[in-house]
Amino acid sequence: MQSAAVEAFAPRHAGLDIQQNSAPCVPRANDRKHSTIYGYFQRSSWNGFSFLRSKAADRTDGDVSYLSNLSTKGTRSRRHRSLDSELDAAKTEKLKGRTSIRQSTDMDRLRFSLLSSRFDSLIQVANIEELLVHDGPFHDIANGEVHDGVWWLDVTDPSNEEVETLSRIFTIHPLTTEDILTEEPREKTESFERYYLLSLALSQPSDKGSDHRPSNVYAIVFRNGILSFSFSNNPHAANVRRRIKNLKSHLNVTSDWICYAVIDDIVDGFETLVHEAERELVVIEDNYAIARPDDVGLVLRQIHECRKKVSSARHLLGGKVDVIRSFARRCDERYSITPSSELGLYLSDIQDHVVTMMTSLIQFEQILARAHATLLARLSVDSSRTGSMTIKFLSKISVIAAILVPMQVITGLFGMNSPVPGESTQNLEWWFGILGVIGTLVIVSLIIARMVKLI
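Taking full-length UniProt numbering, I'd label the letters of the sequence shown as residues 1 to 455.
Laid out in structure tokens, this is it:
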């Protein structure tokens, strides 16, 4: 019975023989390769995978520890019983439903993906130790043998110990190992004695931290294989494997071609950013011309966010132009570890694609800059108009206050606690007279202010 992880992977990779990490994968005693590699990694003098066993046990809830205990038990009792009996026992237990190495239902935990052209199969496991039970490129290389055919080992979010272990197995230069361990953000291509290294930044930021630093893919290309590392979940490896499945009938897949396919898929990932920026630009162009004064701030915020995306995409694509150009020059060199000359044709197509997207992003940035300047000018005009209206209103209030305040002097004089004119009269003639004088002064003052356009 296939595991849930294999069933989830099967629709996307129909036609590939996916080898599962299950109990029947325990090596047979009469298999020289398995016995050699198990003896090599289980000798007490070399315990390079001990830390991986403990780490894997935490990830798989004790299931991988069962495999480790099973292999250790077979080593200690090799003189008393063969591994064939353990294989039969494991099969019996699996049929009874009492034991089985359980694969994770979460595809993100299957961080190691091994593709081999010789076996026409894909192996997905959670750690390096589980690769040892599969007969394939990793088994041959770890055992010091030559593997016929092209292989590709893709590792997602590796730990420092796993990177160092793979570096020892594949004889990776310390400088390359340091770049991978430190997640060197600079995009580059370098040639070494047995391989060449290609580092490219992805379109999505890294999952680690909040600095939004772009995540890189590091591809170590050998003559017959490729080893790739990525520190964030991305669809590029799965897309390339799907492309290989579709083209394998009429295409000679080599390690250089796989490297090209990885570059092409990473570059294609920027098309999503370009199309998204284009859609946002269309919305901004429709809104900023008809935006109300209260909505100008919102449109400016949209322009700022869109310009930030465009600038980030331009920065990432700008580095790829230089890397691809340098990579294409290496294709013309005549060394054993340089890319094949046929790869230059494919790289020129990628370079044209990058230049096209760069041109579009430059145009988007120019349009956004003009829209930003237009909105700022409009905002300045609206602010000036609002300020002018406020000044006019305040001037009218000041004129009215200047007219009414002197009237209080008259009322204050006649309201003093002292003898005033008309206090002895018993009629309202003085009261109406004072009120009439005040009203006359107000009317005359308003007429004069109106004549001089103060109000």
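C-beta: ideal position from N, C-alpha, C; glycine also.
Quick caveat: nothing in here was measured; it's all calculated off a predicted structure.
DSSP beta-bridge partners of residue i
i    : result
Y218 : S199, F229
Q124 : S113
W151 : S116, G225
E190 : L197
T156 : S230
Candidates the options, of which the one nearest residue i by Cα
i           : options                : result
residue 456 : Q351, P185, I180, V310 : Not covered by the structure: residue 456. The range shown for the chain is 1 to 455.
L153        : A289, N224, W430, I362 : N224
I448        : T359, V399, P421       : V399
D179        : I403, F229, D256       : F229
F222        : R314, E190, H250       : E190
D322        : E183, L198, E129       : L198
R330        : G318, G319, K320, L343 : L343
V354        : D268, L227, R241, V155 : D268
D294        : T171, V405, E130, R378 : R378
S159        : S232, V150, L345, D256 : S232
I169        : G149, L131, D148       : L131
Residue i to residue j span [Cα, whole Å]
i    : j    : result
D265 : R301 : 32 Å
V442 : S383 : 35 Å
M451 : V444 : 11 Å
K396 : G387 : 14 Å
C259 : V283 : 38 Å
A291 : D157 : 46 Å
A201 : E280 : 24 Å
S380 : N417 : 57 Å
V437 : T411 : 11 Å
S360 : F192 : 36 Å
G439 : T425 : 22 Å
F393 : I455 : 9 Å
L115 : E285 : 47 Å
A219 : A126 : 20 Å
N287 : V299 : 7 Å
T176 : I324 : 19 Å
V163 : L181 : 7 Å
T36  : E187 : Note on T36: pLDDT 40, under 50, position unreliable in the model; no value is reported.
T446 : L376 : Per the sequence shown, residue 446 should be read as Leu rather than Thr. Using only the alpha carbons, I get a separation of about 41 Å.
N246 : A238 : 12 Å
L413 : V420 : 8 Å
Q363 : S117 : 44 Å
R243 : Y195 : 24 Å
M358 : V133 : 47 Å
G319 : P185 : 11 Å
K248 : S167 : 29 Å
A289 : A401 : 42 Å
L347 : G297 : 44 Å
L435 : T390 : 33 Å
A171 : E129 : One detail in the question is off: residue 171 reads as Thr in this sequence, not Ala. For T171 and E129, the distance between alpha carbons rounds to 18 Å.
H315 : V274 : 13 Å
L227 : C306 : 36 Å
P174 : H372 : 49 Å
A328 : D349 : 11 Å
E423 : G433 : 13 Å
T374 : R385 : 16 Å
F270 : V262 : 13 Å
Residue environment, residue i, which counts as buried when at least 16 other CB atoms sit within 10 Å
i    : result
K453 : exposed
K308 : exposed
H304 : exposed
A277 : buried
W431 : exposed
A369 : exposed
Q366 : exposed
H139 : buried
H236 : buried
E429 : exposed
S203 : buried
N234 : buried
T254 : buried
T165 : buried
V240 : buried
Q408 : exposed
V405 : exposed
E86  : A caution first: E86 carries a pLDDT of 42, below 50, which makes its placement in the model too unreliable to give a value.
Any chain B beta carbon closer than 8 Å to residue i
i    : result
K308 : Going by chain labels, chain B is absent from the structure shown, which holds only one protein chain.
Could you name each continuous alpha helix (DSSP H) segment of 4 residues or more that falls completely within the region 253 to 333, going from the start of the chain to the end? 255 to 288, 296 to 331
Mind listing, in chain order, the continuous beta strand (DSSP E) runs of no fewer than 3 residues lying wholly within the region 391 to 436? Runs found: none.
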